[in-house]
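**Q**
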Amino acid sequence: MESSSYQRYVNEIRRYALLTAEEEHELAKKIQSGDKDARVRLVKSNLRLVACLAKKYASSRISIMDLIQEGNLGLMTAASKYTCEFNTRFSTYAYAWILQYILRYIRNKSDAITLPHRKEEQIRALRAARGYLEQKNGRQPSIEELACYISLPVDKVRKLYQYDQPICSLDIECNEEGDGKIEDMISDETFQPEQLYLKEEKKACVRGMVEMLPERERHVINRRYNLDGSNEAQTLREMSKVMGVSSETVRQIELRAVRKLRAFVDSSEIRTLYHA
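For the sequence shown, the residue numbers in my numbering are 125 to 400.
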């Protein structure tokens, strides 16, 4: 379908005659003086150059007609900037502009996720069927109608719909005024102030219970679990060296402190605070 559209387009633009260097020179002068008809003629006479370049860069993922459309924009830009003082043929000057527009389109439209070749063929068939049925019936075709038209199971057509989704960067501006990016419009589900508040309350509750322990037990718990945030959690051996006792003694002190903390939690007053 696309190849036939391309061939029809090429046959159409062949009716525009190529220009000589002298004719380009005269048209450039008229364009500089504001003659819009001269600019149109210069563009039409070089449409074949765009079609040739677009064919070179077309692929299964990039439509040749889309490339021609972008290349024509580059051709029109070149025509508006071309002057007779350049002392070069217009096609030589326009080549860079056309190529710039085509390559920029390819970069912007290339799929971020590459699908298998067979899947891409099925997606193209789905798009063509959707366009045909919509034009024929004057409405969006159903999944069942599409499945029947392209001879695929309904569940596979549904999956193809999932694959055929546009992908864009979160850094893209929401509008031309630059009021913000798409990522600014997405709510942050990870930030939960209620949960953060409860977490901080539980930490404060644990610190309050630790403060109720005897000094030696409080010292061991703080250092073993780094509750004061002053250092990394220390091992039993490291604690034994600091306190001048054996590792087993430090372990026993820790066990006594943990049992007392559990008793605090089981008390009605602390339990009420913990679950507030």
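By construction, the Cβ of each residue, glycine as well, lies at the ideal position given by its N, Cα and C atoms. None of the values given here were measured: they were computed from a predicted structure.
What residue range is occupied by the uninterrupted alpha helix (DSSP H) comprising residue 380?
**A** As a position in the sequence shown, residue 380 is number 256, starting the count at 1. First-last of the alpha helix (DSSP H) with residue 380: 371-390.
**Q** Using alpha carbons as the reference points, say which of 215, 130 and 152 lies closest to residue 142.
**A** Against the sequence shown, residue 142 aligns to sequence position 18. Per the Cα distances, 215.
**Q** With residue 161 as the anchor, note down where its alpha helix (DSSP H) starts and where it stops.
**A** Residue 161 sits at position 37 when you count from the first residue of the sequence shown. Element bounds for residue 161: 160-168.
**Q** According to the neighbour-count rule (16 or more other Cβ atoms, all chains shown, within 10 Å of its Cβ), is residue 366 buried or exposed?
**A** Along the sequence shown, one-based indexing puts residue 366 at 242. The residue in question, residue 366, is exposed, as its Cβ has fewer than 16 Cβ neighbours within 10 Å.
**Q** How big is the Cα-Cα spacing for residue 399 and residue 389?
**A** As a first step, residue 399 must be located in the sequence shown, where it is residue number 275. As a first step, residue 389 must be located in the sequence shown, where it is residue number 265. Because the pLDDT at residue 399 is just 49, under 50, the model does not fix this residue reliably, and the value given afterwards should be weighed accordingly. So the two alpha carbons sit approximately 10 angstroms from each other.
**Q** Short of 6 angstroms in beta carbon distance, which residues of its chain neighbour residue 206, apart from the five on each side in sequence? Order them along the chain.
**A** Sequence index remark: in the sequence shown, residue 206 carries index 82 (1-based). 152, 214 and 217, listed in sequence order.
**Q** With a threshold of 16 other CB atoms inside 10 Å of the CB of residue 229, please say whether the residue is buried or exposed.
**A** Indexing the sequence shown from 1 puts residue 229 at position 105. Its Cβ being crowded by 16 or more others within 10 Å, residue 229 is buried.
**Q** Please report how far the alpha carbon of residue 246 lies from the alpha carbon of residue 221, in whole angstroms.
**A** Working through the sequence shown from its first residue, we reach residue 246 at position 122. Working through the sequence shown from its first residue, we reach residue 221 at position 97. The alpha-carbon atoms of residue 246 and residue 221 are separated by roughly 34 angstroms.
**Q** What is the DSSP secondary structure of residue 398, reduced to helix, strand or coil?
**A** To locate residue 398, count along the sequence shown from 1; it is residue 274. In this predicted model, residue 398 has a pLDDT of only 46, less than 50, meaning its place in the structure is not dependable enough to derive any value.
**Q** Mapping DSSP to helix, strand and coil, what is residue 316?
**A** The residue you call residue 316 lines up with position 192 of the sequence shown. Three-state result, residue 316: coil.
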